[in-house]
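Asker: Residue numbers (this note's numbering), protein chains in the order written: chain F, 1 to 326; chain W, 1 to 326. We put the CB at the ideal spot given by N, CA and C, even for glycine.
Number of protein chains: 2
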Amino acid sequence: MTDITRIEAAAFRLQGHALRTPLLGSDFLNQIAGRRLWLKAECLQLTGSFKFRGGWSAVSALEPEVRARGVIAYSSGNHAQGVALAAQRHGVPCVIIMPSDAPRLKIDNTRAYGAEVVLFDRDRDDRDAIGNAIASERGLTLIKPYDEPEVIAGQGTCGLEIAEQAAEHGIREADVLVCCGGGGLTAGVALALESRAPGLRVRPCEPEGFDDTARSLASGQIERNARLSGTLCDAIATPSPGAITFPINKRLCGPGLVVSEDEALQAVALAWLRLKIVLEPGGAVALAAALFRRESLAGDDVICIGSGGNLDTAIFRMAMDRFASA
Amino acid sequence: MTDITRIEAAAFRLQGHALRTPLLGSDFLNQIAGRRLWLKAECLQLTGSFKFRGGWSAVSALEPEVRARGVIAYSSGNHAQGVALAAQRHGVPCVIIMPSDAPRLKIDNTRAYGAEVVLFDRDRDDRDAIGNAIASERGLTLIKPYDEPEVIAGQGTCGLEIAEQAAEHGIREADVLVCCGGGGLTAGVALALESRAPGLRVRPCEPEGFDDTARSLASGQIERNARLSGTLCDAIATPSPGAITFPINKRLCGPGLVVSEDEALQAVALAWLRLKIVLEPGGAVALAAALFRRESLAGDDVICIGSGGNLDTAIFRMAMDRFASA
Numbered sequence: 001m002t003d004i005t006r007i008e009a010a011a012f013r014l015q016g017h018a019l020r021t022p023l024l025g026s027d028f029l030n031q032i033a034g035r036r037l038w039l040k041a042e043c044l045q046l047t048g049s050f051k052f053r054g055g056w057s058a059v060s061a062l063e064p065e066v067r068a069r070g071v072i073a074y075s076s077g078n079h080a081q082g083v084a085l086a087a088q089r090h091g092v093p094c095v096i097i098m099p100s101d102a103p104r105l106k107i108d109n110t111r112a113y114g115a116e117v118v119l120f121d122r123d124r125d126d127r128d129a130i131g132n133a134i135a136s137e138r139g140l141t142l143i144k145p146y147d148e149p150e151v152i153a154g155q156g157t158c159g160l161e162i163a164e165q166a167a168e169h170g171i172r173e174a175d176v177l178v179c180c181g182g183g184g185l186t187a188g189v190a191l192a193l194e195s196r197a198p199g200l201r202v203r204p205c206e207p208e209g210f211d212d213t214a215r216s217l218a219s220g221q222i223e224r225n226a227r228l229s230g231t232l233c234d235a236i237a238t239p240s241p242g243a244i245t246f247p248i249n250k251r252l253c254g255p256g257l258v259v260s261e262d263e264a265l266q267a268v269a270l271a272w273l274r275l276k277i278v279l280e281p282g283g284a285v286a287l288a289a290a291l292f293r294r295e296s297l298a299g300d301d302v303i304c305i306g307s308g309g310n311l312d313t314a315i316f317r318m319a320m321d322r323f324a325s326a
Numbered sequence: 001m002t003d004i005t006r007i008e009a010a011a012f013r014l015q016g017h018a019l020r021t022p023l024l025g026s027d028f029l030n031q032i033a034g035r036r037l038w039l040k041a042e043c044l045q046l047t048g049s050f051k052f053r054g055g056w057s058a059v060s061a062l063e064p065e066v067r068a069r070g071v072i073a074y075s076s077g078n079h080a081q082g083v084a085l086a087a088q089r090h091g092v093p094c095v096i097i098m099p100s101d102a103p104r105l106k107i108d109n110t111r112a113y114g115a116e117v118v119l120f121d122r123d124r125d126d127r128d129a130i131g132n133a134i135a136s137e138r139g140l141t142l143i144k145p146y147d148e149p150e151v152i153a154g155q156g157t158c159g160l161e162i163a164e165q166a167a168e169h170g171i172r173e174a175d176v177l178v179c180c181g182g183g184g185l186t187a188g189v190a191l192a193l194e195s196r197a198p199g200l201r202v203r204p205c206e207p208e209g210f211d212d213t214a215r216s217l218a219s220g221q222i223e224r225n226a227r228l229s230g231t232l233c234d235a236i237a238t239p240s241p242g243a244i245t246f247p248i249n250k251r252l253c254g255p256g257l258v259v260s261e262d263e264a265l266q267a268v269a270l271a272w273l274r275l276k277i278v279l280e281p282g283g284a285v286a287l288a289a290a291l292f293r294r295e296s297l298a299g300d301d302v303i304c305i306g307s308g309g310n311l312d313t314a315i316f317r318m319a320m321d322r323f324a325s326a
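What follows is the structure, encoded as structure tokens:
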């Protein structure tokens, strides 16, 4: 299982490979949020999302002879890029199984990071059958996107940095808002903060219609989403909390927060305008919650993770047209 | 005069107030540049540009009783915001004299940082007469945008960080490309690197038609631009190198680099796509030079400063429409 020791080991392996992303702020956003708002800019991480942390952690933790045969992953995009670049920099083969309706940019980038991309049709194909056949034939190791202890440990390194950066700013108590799909980033950050900054409490953030973690935390058991696609927040549209991640999040997290797609798009526009960073809608739901759910938060500070910035220009234009016309 | 001691003193005063901006990279940009490209993301600095460093340095260096009477600055936008926020956080009055055709966003932001904005018409009004009258009436201290030792020292703190970050990546020799208007950032960074990383050589970067520093470095004396406005790179459209900055830059800098407006816009689009940051055209000329003047550079690494990100949405849309259509 993942614990602080495993997270620290992942941090050691990531040194010199991943970016220590900055904690950004803006007086303009403070005014909207009604408190000091801090954004951990993981969109600036290599591959444009925090997923490189988990990908590198998992690939670097493999035994060399196992790693040499290669790795495989299922992903609609950000985990794909994180694993692909980690494999490329380790000099090992990589196959990524992606849905054919994944954002074009994410498919192109995954290929550019040297991975062999195999597309499947979400409605017709059996994704697992395709992946299992390739993996067993070539002896590839599967890197799961969140229900994998070394991946959770890698995402937890983001939490170690948040603990350090909060201390630098004198923040002892705050809600830490995390964009939540399967719950790997949420669990890793929650474990890191439990050990290093116990006054910081993780709150998972999700878009309407994909609030499986919020509902699961409320009911105490794993709940599923009715839909699996059809959201601008594709990066965090997962069927349900993970079997490994949910028990961690149930133990450590506060109640989930849910925002609308419009609020996520508005957060994309405000991140562009006020923080000078690019967030995708799924990577902006925590910022949206910090800005637009102020009555559900407590304290003088709120920290939110901007988890990724890989979006097609059409969606970015939509956010600007609707919320940044000037 | 500005020297390394003054820069270190400015760095001390800036601690806990300015952001240590990250040095970003992307394999995609490395391919275009033909070498490892590193971007110092000053657009993430408070107020969206490096100018906050110089503004804070100058305001914080004033004697308390002088500072209490307030400060005044002339600026088309980024220096305005830097000085305004520095004054606001010191709790002192601030007047900014801005041209009426400055980007709307910069005028609005300057006001939002608590400054009193006085607009003048570039063609009809005598800017200095307006500013001098207000300053003498109220006892305000003028904070010049570049020909001011404490401002140069503040901008030099960006160079101290580049020296540290280059060392972390094992970079001992490289060209450091700096977006250059009046030459304050160029001079400050050059002085810092002379002392802390002598293998790093500053190269000023400018847009076509506003290449006064490149021509001045070539001729050995101060040359002027024919035009003073009418460029998308408004942030760095200055009449000529400064009387204080030019001797420093003449002594320390390599030859200047000149890019077209189209190349600057393409760099804006690539920074969005590959680095997930927002640059304004004037803040992207150094990145453009790193990408599109590779034959004029030497070595395995190039470091460029992305100096600012305050642009109106219309210009950003233009960059995306032309160079990021997907």
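Pop quiz: leucine 185 of chain W and isoleucine 4 of chain W are said to be a contact at Cβ under 8 Å. What is the actual Cβ separation, rounded to whole angstroms?
Answerer: With 8 Å as the limit, leucine 185 of chain W and isoleucine 4 of chain W do not qualify as a contact, their Cβ atoms being about 16 Å apart.
Asker: Look up glutamate 280 of chain F in the DSSP assignment and say whether it is helix, strand or coil.
Answerer: Coil at glutamate 280 of chain F, not helix or strand.
Asker: Is the CB-CB distance between isoleucine 305 of chain W and glutamate 63 of chain W below 9 Å?
Answerer: Against a cut-off of 9 Å, the Cβ pair of glutamate 63 of chain W and isoleucine 305 of chain W comes out as no contact.
Asker: Can you pull the chain W residues whose beta carbon is under 7 Å from the beta carbon of alanine 112 of chain F, in chain order?
Answerer: Within 7 Å Cβ-Cβ: Phe28.
Asker: When the distance is taken between beta carbons, is alanine 174 of chain W closer than 9 Å to glycine 299 of chain W?
Answerer: Result yes, Cβ atoms of glycine 299 of chain W and alanine 174 of chain W sit closer than 9 Å.
Asker: Excluding the 5 residues flanking glycine 55 of chain F on each side, which residues of the same chain have their C-beta closer than 6 Å to its C-beta?
Answerer: Excluding positions up to five away in sequence, the list reads Gly82, Val83 and Ala86.
Asker: Which chain F residues sit within Cβ distance under 8 Å of valine 278 of chain W?
Answerer: Those are Trp272, Lys276, Ile277 and Val278, listed as they occur along chain F.
Asker: Please classify proline 255 of chain W as buried or exposed, where buried requires at least 16 other C-beta atoms within 10 Å of its C-beta.
Answerer: Exposed, because fewer than 16 other Cβ atoms sit within 10 Å of the Cβ of proline 255 of chain W.
Asker: Counting only beta-carbon separations shorter than 9 Å, does glycine 282 of chain F have a partner in chain B?
Answerer: No chain B appears in the structure shown, which is made up of the protein chains F and W.
Asker: Just to confirm the assignment: which complete alpha helix (DSSP H) runs, minimum length 4, are found wholly within the region 41–89 of chain W?
Answerer: 51–61 and 64–69, all fully within the region 41–89 of chain W.
Asker: Which partner residues does phenylalanine 120 of chain W have in the DSSP bridge list?
Answerer: Partner(s): W:Pro99.
Asker: Can you pull the chain F residues whose beta carbon is under 8 Å from the beta carbon of methionine 320 of chain W, in chain order?
Answerer: Those are Thr313, Phe316 and Arg317, listed as they occur along chain F.
Asker: In or out: leucine 228 of chain W buried (at least 16 other Cβ within 10 Å) or exposed?
Answerer: Classification for leucine 228 of chain W: exposed.
Asker: Nearest to glutamate 206 of chain F by CA position, among F:Met1, F:Arg124, F:Ala264 and F:Thr313, is which residue?
Answerer: Ranking the options by Cα distance to glutamate 206 of chain F, first place goes to F:Ala264.
Asker: Assuming valine 189 of chain W contacts glutamine 221 of chain W (C-beta within less than 8 Å), just tell me the rounded distance between them.
Answerer: Actually they are not in contact, since the Cβ atoms of valine 189 of chain W and glutamine 221 of chain W sit about 22 Å apart, beyond 8 Å.
Asker: Inspect the beta-carbon positions of arginine 196 of chain W and glycine 170 of chain W and report whether they are closer than 9 Å.
Answerer: No, these two residues do not count as a Cβ contact at 9 Å.
Asker: I need the DSSP call for alanine 174 of chain W, collapsed to helix, strand or coil.
Answerer: Strand at alanine 174 of chain W.
Asker: What would DSSP say about glycine 308 of chain F, mapped onto helix, strand or coil?
Answerer: Correct three-state label for glycine 308 of chain F: strand.
Asker: Roughly how many whole angstroms lie between the Cα atoms of leucine 217 of chain F and arginine 251 of chain F?
Answerer: The alpha-carbon atoms of leucine 217 of chain F and arginine 251 of chain F are separated by roughly 9 Å.
Asker: Pick helix, strand or coil for proline 22 of chain F, following the three-state DSSP scheme.
Answerer: Coil at proline 22 of chain F, not helix or strand.
Asker: Return the first residue and the last residue of the beta strand (DSSP E) that cysteine 205 of chain W is part of.
Answerer: Its beta strand (DSSP E) spans residues 200–207.
Asker: Buried or exposed: aspartate 301 of chain W, going by 16 or more other Cβ atoms within 10 Å of its Cβ?
Answerer: Buried.
Asker: Just list the residues that DSSP pairs aspartate 301 of chain F with in beta bridges.
Answerer: Answer is F:Arg36, bridged to aspartate 301 of chain F.
Asker: What does DSSP give as the partner residue(s) for valine 259 of chain W in the beta ladder?
Answerer: The partner list for valine 259 of chain W (beta bridge, DSSP) reads W:Pro207.
Asker: Where glycine 199 of chain F and isoleucine 7 of chain F are concerned, what is the direct C-alpha to C-alpha distance, given to the nearest angstrom?
Answerer: Near 19 Å, if we compare the C-alpha coordinates of isoleucine 7 of chain F and glycine 199 of chain F.
Asker: On the DSSP bridge list, what partners appear for cysteine 94 of chain W?
Answerer: Per DSSP, W:Val71.
Asker: Helix, strand or coil: how does DSSP classify leucine 217 of chain W here?
Answerer: Leucine 217 of chain W: helix per DSSP, three-state reduction.
Asker: Which residue's Cα is closest to the Cα of glycine 139 of chain F: F:Gly70, F:Pro103, F:Leu232 and F:Tyr74?
Answerer: Nearest C-alpha to glycine 139 of chain F: F:Gly70.
Asker: In whole angstroms, what separates the C-alpha of glutamate 194 of chain F from that of isoleucine 315 of chain W?
Answerer: C-alpha separation (whole angstroms): 45 Å.
Asker: Spatial neighbours of alanine 290 of chain F within its chain, please: CB distance less than 6 Å, with the 5 preceding and 5 following residues excluded, ordered by chain position.
Answerer: The answer, listed in chain order, is Ala33, Leu37, Leu177, Val302 and Cys304.
Asker: Flag arginine 20 of chain F as yes if its beta-carbon sits less than 9 Å from any beta-carbon of chain W, otherwise no.
Answerer: Yes, arginine 20 of chain F lies at the interface with chain W (some Cβ there is under 9 Å from its Cβ).
Asker: How far does the alpha helix (DSSP H) with threonine 186 of chain W in it reach, from first residue to last?
Answerer: Segment 184–196, the alpha helix (DSSP H) holding threonine 186 of chain W.
Asker: Suppose contacts are defined by Cβ-Cβ distances below 9 Å. Is serine 260 of chain W in contact with glycine 282 of chain W by that definition?
Answerer: No, Cβ-Cβ distance for serine 260 of chain W and glycine 282 of chain W is not below 9 Å.
Asker: Roughly how many angstroms lie between the CA atoms of threonine 141 of chain F and glycine 181 of chain F, to the nearest whole one?
Answerer: Distance between the alpha carbons of threonine 141 of chain F and glycine 181 of chain F: 23 Å.
Asker: At a CB distance below 8 Å, what residues from the region 191–207 of chain W approach chain F? Give them in sequence order.
Answerer: The residues in question: there are none.
Asker: So is alanine 324 of chain W in contact with chain F if we call contact Cβ pairs under 9 Å?
Answerer: At least one chain F Cβ lies under 9 Å of alanine 324 of chain W.
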